[in-house]
Amino acid sequence: MPSGNSNRNSGDPHELQDLLIDSRNSSGRFQVAKVGDNEADAGDKENNGSVPAGDTVLSAQQQYNTYVYDTRYAKSLGQLTREALPRAENYRDLQSVHAHRPTLDELHEAVFHEKTEAKVEDEPQKKGKVIKFGWLEGVFMRCLLNIWGVMLFLRLSWVIGQAGVVEGLLIISLANIVTAITALSMSAVSTNGQIKGGGIYYMISRSLGPEFGGAIGLMFTLANSIAVSMYIVGFCESLQDLLRPFGAIIVDGATNDIRVVGVITLIAILILAIVGMDWVTRTQMVLLFVLIASQFDFVIGSIIGPVDDEEIAKGFVGYNYETFSINLHADYRHFEGVDHDFFSVFSVFFPAVTGIVAGANLSGDLKDPSKAIPIGTLLAIAVTFLSYFGYAFMLGACTLRDASGNVTEYHLALNESLPDPWVYLKNCTDRTCSFGLENDSQAMELVSSWGPLIYGGCFAATLSSAIASLVGAPRVLQALAKDKLYPLIGFFGEGYGANNDPVRGYVLVFIISLGCILIAQLNAIAPLLSNFFLAAYALINFSVFHASISKSPGWRPAFRYYNAWVSLIGTLLCIAVMFLMSWWTALITLVVVVTLYLYVSYRKPEVNWGSSTQAQSFNTALKSVQELNQVEEHVKNYRPQILVLTGIPSSRPPLVDFANLITKKLSLLICGHIIKGCHSQGVHNAITRKTYRWLRRHRVRAFYAIAEGGEDGKLETGARALMTLVGLGKLRPNMLLMGFKGDWRTCDKEEVLQYFNIIHYALDRYLAVGILRVQDGLDYSNIIEDEEVIPISSIEKKDAEEKLRRNQSAGQLSQDGTSSEGSSPPSSPKAERGGNICGDPSAGENNHRAESSHISVSFRKKKREGRARKTSSANIYFGPGGAALSKDVLNNITIFQRRQGKGTIDVWWLYDDGGLTLLIPYILTTRSQFAGSKLRIFSLANKKNELERDQRNMAALLSKFRIDYSDVIVLPDITKKAKEETKKEFEALIEPFRIKGADIDESQEGMVIKDSELLALKEKTNRHMRLRELLLEHSTDANFIVMTLPMPRKGTVSAPLYMAWLETLTRGMPPFLILRGNQTSVLTFYS
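Following this note's numbering, the numbering of the sequence shown begins with 37 at its first residue and continues without gaps.
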């Protein structure tokens, strides 16, 4: 490369090029990646070996080592390529189109589209300082405050007294195993992506889906709201115990005092929460200090030992081996109406360790939740486990299980010099003792060096737990409200201040807690709250197990110390503990979870969070399809699996409804749409999304497939592609269903031939073929206002708009209608619609009517979208501009949605096609729409003198098939000559297609009717005319008609003659299905 500047500016702007400059210009420039010697050789050749005067000639090795950028002409990589480098912002919002990443079309087609980012409404800047917490003050401290609860001071001594040291330690260990497993699972979930506000609700909903998440979120909010009042009531009771010796009374020294103090405390906590999380954190730090100081007070007191005989008389004897050996073993007793055992004591202790989600609930206020939650939670569990473990040893080693508190008895034993100086104190056989581990809830206060500090610890524990619940519950509710999983709670999604504080949620929790405090009797529902927490823990564990076994590539937690089967064990342990604590509250919890789950499932919220449930659905479906491939087909398990050529389903509701009647969520239904031309994947995606929304709105369980007819727009090309490729394994269509081509006489003859060839190709593929004709037509694309219009500007560039606008759908060849003059239903207005892009199957090119507006340049949001769940047709279908449709039109559109009156389904089972002609009408009678219709069977007689035998044989066959019928009619005179008026009608049908003479153009082969063809098929044509006469005689009043489709033998019958046969059979009749099986049995009378 020469050292001059001219060639540097003329290089390819899309490629990154290294510049070779000589050594004299190397100063002030930087070294870059080296390239091969061949590039230097190429540069030398461009210079033709000449060296400008004054330049220094470098050796090859020197040149190799001195490739540098000339910074005067260097361009950034972004100016030299359209590719985008990996950046975090391109992955942050999964639902947006990223302005910095080029689309595949831009890279592949080398066409640049100016990005129009969606305008986001500017939110007013909220005043205040944003407060974010680290793992220490955000998670660790809050978990310590909740786990070191009032149970530590009031119930731990009782647990050791009942269970003994050994089983007591086992209870503590088992409880912490449950919480540790849950914490490991929570750590895995919290590190599998960015965690936002909502805590435990956010984790479960994004892992298991909105159903479980919504149920737990609502239960968790309610449980925490009630828990606030319980903690405050516990604080008030402890305060009463402290003040009782001093005779301090506010109202009555009982319940009313609790109410007064409780309301004042609750108001103070509410004010603290509203002031801000910064002050909440400071307050909790003070409470934590008091809590830690009270525990040091207990440890120091146990080491110092009893300071007077009164403490000894109450059971505190100091560290003593004999006392420890006695307290090692369990001594379960009757207490507060319950005969306790290991599991009942465990159920009493377990709520002490349920505060592990206190930090996770503030996930939105953490600097880095993915790091803070695992570290803070696991460390808090470890610290509190060791403290509970140590305190259990201490209590069992220095405190008697029973003590009378009588100092005289202690002195008496000392005077008698008994080997056991506490023998009289602990003898409670015939009396009730008030002290000792079993009897005194204030045993820790007795052991401590300064008793009031233990009360301070109780106050700190209760108040900190109350604060954590009042602060955490509204945040869970706020996240739940923003997701709009339940009605009427969106009001609580609004946040205030720089930290988005849920002030409305604070007020709601305050009101609930206030009501509970005024009741002041909460012991009965305490187990229910613990069960709510346990249900949440069980689902956290299950979410990890479920995500792991689903093996979704999106499950990649940064926290590695988890195991799917350990999480499953944690799930089972949580459920077991729920029933151990209280079986009836466990049942109530399960009922509440299932009810809320079913409610959210019924509402079907439009959220897509990539849950493990979705991943498992894919795995289950894939496994089922693969297993289905190993199952041999059997006639008893035959199901009609239908490919129906609908175009966009919204243009032909009756055709879709009829196909749905047959499959009815029990079989495969695929709506096929063939479009002209070749369009971008964006167009395909937009049409597909719109179609699936329409199918869901109309409750049709179907798949949707698009095929392109190519530049020539041939329906046959697209139909062949659909029949060949649609389906997966055994889940592929075995039947093709089309609408009757009502404009076959007026459209281009090539279209008739293509329509005819589709029937041939379906039979070549061994597919059954069904053609549906309804008197008022199936195509309502010009009648129905499109429910949703897609903006073309967002899916394809401007030059493609015109191409699409000019195109009609190649599906036009399956036009429905009874009249040859047009395709619109006779009872429907000829509405003109403009702005067409991709049409549905519709009229031929000679029909000068506007196509259905399936994709429009303008985007209009229909107000009726919110009413889409209503099933009334008047609320689903509208005319152009939203005008109401006439009753007749609505009845025609919903003909297969409405219940038919009492009548018959006439089955003209003319030839044995495997039984499909009989099976389809039988299936229709099992649907509510045709429940009042009876089957009437028509068949042909071989000979006139065998009528009765043929009738008996048919009746016996139907009986063996276990198919109910109302009548069997055998037709004896099918070969009789048709009437003259019938012949004239038929000749009028085929007249435009007849060619006199034997010689025709090759281009017209199959598109015209020759005299020789009419002569060869004279008898067959006569049979169809006779069938027409018999149909008019027997079936004009039927609810529905099914007839065996005439076999279009290759090389024998032309397209127009065959269409004339179908026209003759179906014109002016009730809804008519012409059907032909693939000559394989679909019915059997063997079990």
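All C-beta atoms, glycine included, are put in the ideal place defined by N, C-alpha and C.
* To do: Flag Leu926 as yes if its beta-carbon sits less than 8 Å from any beta-carbon of chain C, otherwise no.
  => Given the protein chain composition of this structure (a single chain), no chain C is represented.
* Could you work out which residue in Arg1112, Ser193, Asn793 and Val925 is closest to Leu473 when comparing CA atoms only? => Ser193
* Would you call the region 442 to 453 and the region 401 to 418 in contact, with 3 or more CB pairs under 8 Å? -> no
* beta strand (DSSP E) containing His720: first to last residue? -> It is not in any beta strand (DSSP E) - His720 instead sits in the alpha helix (DSSP H) that spans Gln717 to Arg733.
* To do: With distances taken Cα to Cα, identify the nearest neighbour of Asn927 among Val602, Ile294, Tyr816 and Ser653.
  => Tyr816
* Asked: In angstroms, rounded to a whole number, what distance separates the CA positions of Gly937 and Val1004?
  -> 21 Å
* Asked: Between the beta-carbon of Leu565 and the beta-carbon of Ile262, is there less than 8 Å?
  -> yes
* Asked: Who are the Cβ neighbours of His1125 in its own chain at under 8 Å, not counting the five residues just before and after it?
  -> Outside the shown range of the chain (37 to 1123) lies residue 1125, about which nothing can therefore be said.
* **Endpoints, alpha helix (DSSP H) assigned at Lys785** => Lys785 to Asp800
* For the alpha helix (DSSP H) containing Asp1128, list its first residue and its last residue. => The question about residue 1128 has no answer, for the chain in this structure spans 37 to 1123.
* Which residue from Gln1115, Gly250, Tyr573 and Tyr460 puts its Cα closest to that of Ile348? -> Tyr460
* Residues near Phe1121 by beta carbon distance below 7 Å, same chain, minus five either side -> Lys996 and Phe997
* Asked: Which residues in the same chain as Gly351 place their Cβ atom closer than 6 Å to its Cβ, once the five residues preceding and following it in sequence are excluded?
  -> Thr435, Leu436, Ala439, Phe471 and Gly472
* Rounded C-beta distance between Ala738 and Leu758? I'm assuming under 8 Å. -> Ala738 to Leu758, Cβ: 14 Å. No contact.
* Quick one: grab the DSSP three-state call for Asn84. => Any reading at Asn84 is ruled out, since the residue's pLDDT is 43, under 50, leaving its predicted position unreliable.
* Smallest Cα separation from Glu273: which of Lys1012, Ile294 and Gly646? -> Ile294
* Asked: First and last residue of the alpha helix (DSSP H) that includes Cys272?
  -> Pro246 to Leu279
* Can we say the region 761 to 778 touches the region 715 to 732, given the rule of at least three CB pairs closer than 8 Å? -> no
* Selected residue, minimal CA-CA separation from Phe176, among Glu247, Val296, Leu402 and Gln230 -> Leu402
* Asked: Taking Cβ positions, are Val381 and Gln198 nearer each other than 8 Å?
  -> yes
* May I ask you to report which of helix, strand or coil DSSP gives Leu1119? => coil
* **Assigned secondary structure, Met1043 (DSSP; H/G/I helix, E/B strand, else coil)** => coil
* Asked: For the beta strand (DSSP E) that contains His447, what are its first and last residues?
  -> First-last for His447: Val443 to Asn451, but that is the alpha helix (DSSP H), not the beta strand (DSSP E).
* Asked: Okay, do the region 940 to 949 and the region 967 to 976 touch, 3+ Cβ pairs below 8 Å being the bar?
  -> yes
* To do: Keeping to the same chain, check which residues put their C-beta closer than 6 Å to that of Asn1114; ignore five residues upstream and five downstream.
  => Tyr802 and Ala804
* To do: Given a cut-off of 8 Å, decide if Ile710 and Leu751 are closer than it, judged by their beta-carbon atoms.
  => yes
* **For Lys970: DSSP bridge partner residues** => Thr940
* Extent of the continuous beta strand (DSSP E) to which Gly806 belongs -> Ala804 to Arg809
* Rounded C-alpha distance that separates Leu450 from Leu482 -> 22 Å
* Less than 8 Å separating the beta-carbons of Val512 and Phe256? -> yes
* To do: Taking only the alpha-carbon atoms, compute the straight-line gap between Phe385 and Ile285 and give it to the nearest angstrom.
  => 32 Å
* Does the distance from the C-beta atom of Thr1018 to that of Glu1065 stay below 8 Å? -> yes
* Among the residues of its own chain, which have a CB less than 6 Å from the CB of Ala1096, if the five just before and after it don't count? -> Leu1025 and Ile1026
* To do: Output the boundary residues of the alpha helix (DSSP H) element that contains Tyr424.
  => Pro405 to Cys434
* Which ranges does the alpha helix (DSSP H) cover as unbroken runs of at least 4 residues, wholly within the region 1040 to 1116, from first to last along the chain? -> 1047 to 1052, 1054 to 1070 and 1091 to 1102
* **Top-ranked residue by Cα proximity to Gln790, from Thr760, Gln965 and Asp748** => Asp748
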